[in-house]
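Written out below as structure tokens is the structure these notes cover.
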Amino acid sequence: RLSSLERLSVIALALVGLLVRPALGLAQDDPPAVSLAPDPGLYLVKPDVPVIPVREREVWFRDAWSVRLNAGYATDSNLGEIVGGNFDVDGDNASLIGIDIGRPLVNDWRDWPIDFAWRLGGQLHGAGEGGGRSAFVQTAYLKMYWRPFPWERVVSTRIGIGEGISYAWRIPEVEIENDERHDEGKSRLLNYLDISIDLNIGDMIRNESARACTLGLVISHRSGVFGLVDIFGGVHNGSNYNTAAVECGF
Numbered sequence: 516r517l518s519s520l521e522r523l524s525v526i527a528l529a530l531v532g533l534l535v536r537p538a539l540g541l542a543q544d545d546p547p548a549v550s551l552a553p554d555p556g557l558y559l560v561k562p563d564v565p566v567i568p569v570r571e572r573e574v575w576f577r578d579a580w581s582v583r584l585n586a587g588y589a590t591d592s593n594l595g596e597i598v599g600g601n602f603d604v605d606g607d608n609a610s611l612i613g614i615d616i617g618r619p620l621v622n623d624w625r626d627w628p629i630d631f632a633w634r635l636g637g638q639l640h641g642a643g644e645g646g647g648r649s650a651f652v653q654t655a656y657l658k659m660y661w662r663p664f665p666w667e668r669v670v671s672t673r674i675g676i677g678e679g680i681s682y683a684w685r686i687p688e689v690e691i692e693n694d695e696r697h698d699e700g701k702s703r704l705l706n707y708l709d710i711s712i713d714l715n716i717g718d719m720i721r722n723e724s725a726r727a728c729t730l731g732l733v734i735s736h737r738s739g740v741f742g743l744v745d746i747f748g749g750v751h752n753g754s755n756y757n758t759a760a761v762e763c764g765f
């Protein structure tokens, strides 16, 4: 017959056995399988960042037109010197007054900040202090615009490069003088480059209604492309004009 102390000891051991046995049983079982593969359900979750389809922003044949007026003077500097910063203006040189009109062909070409537009124009080339007669010149070219720039929130800026042809109904006096000095030949039909930088007027004066207009500088360049193109007569001659321009869309 067990005493009271012995009975309590047996009960305590039984309780300990009941508590320890499940733990020992789990320890004896095989460990749960662990997989390093990603959860397949993760791929079913739609990402928070929207995916923009290719060329989603590209817009062809926009129903918009623009007109540009530019005026300035001829320069003796070549195109490379002008682009390099030698943008001199001499009021004694031959003058230029021009107007052209254009329409966009494509905006945001292939989702790049690049626009293309075709442009047609007419220019009146003055004679300058050397005398002579004025000449009327027509231009037709395709122009590419690059934008924006890091300061876009302050003032919208764009750089444009146009390539086309220029036909003079009478050869400008500047090109006649260049031919007399350097014997580079002359031609009515020449290659035409139109290089510009424009600032948005609306941003500069903080007026929303003026955002359709820009103010800028334009290099008007006629040349025979170093005599490499037969249709331009194989001439090396040409002319450069530094001008200021205002352009407005409507």
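Numbering-wise (our numbering), the sequence shown opens with residue 516 and increments by one. Ideal Cβ positions, reconstructed from N, Cα and C, are used throughout, including at glycine.
Item, Value
"Whole angstroms is fine: what's the gap from V669's alpha carbon to L635's?", "31 Å"
"Do P628 and W661 come within 8 Å of each other at the CB atom, strictly closer than that value?", "yes"
"Cα separation between N585 and G675?", "15 Å"
"Determine the DSSP secondary structure at S711, reduced to helix, strand or coil.", "strand"
"For the alpha helix (DSSP H) containing L594, name the first residue and the last one.", "594 to 598"
"For the putative contact between N755 and I734, defined by C-beta atoms under 8 Å, what is the C-beta separation to the nearest angstrom?", "7 Å"
"Here's a check: name, in chain order, each residue in its chain whose Cβ is nearer than 8 Å to the Cβ of K561, leaving out the five neighbours to either side.", "Summary for K561: the model assigns pLDDT 47, below 50, so the residue's position carries little reliability; its value from the coordinates is reported in the next sentence. Within the same chain, K561 has no close Cβ partners at all."
"Taking only three categories from DSSP, how would you classify I567?", "Legend: pLDDT at I567 = 47, less than 50; position of this residue unreliable, value from coordinates given subsequently. Correct three-state label for I567: coil."
"May I ask you to list the residues that DSSP assigns as paired with K658?", "A632, G677"
"Can you give me the Cβ contacts of V750 inside the same chain, cut-off strictly under 7 Å, excluding the 5 residues immediately before and after it?", "E699, G700, K701, S702, G739, G742"
"Just curious, the beta strand (DSSP E) that V733 is in, first and last residue?", "728 to 738"
"In the DSSP assignment, what are the bridge partners of A589?", "Y756"
"Which partner residues does G637 have in the DSSP bridge list?", "I614, Q653"
"Using the DSSP secondary-structure output, state which residues sit across from N608 in a beta bridge.", "According to DSSP, which records beta bridges pairwise, N608 is partnered with nothing at all."
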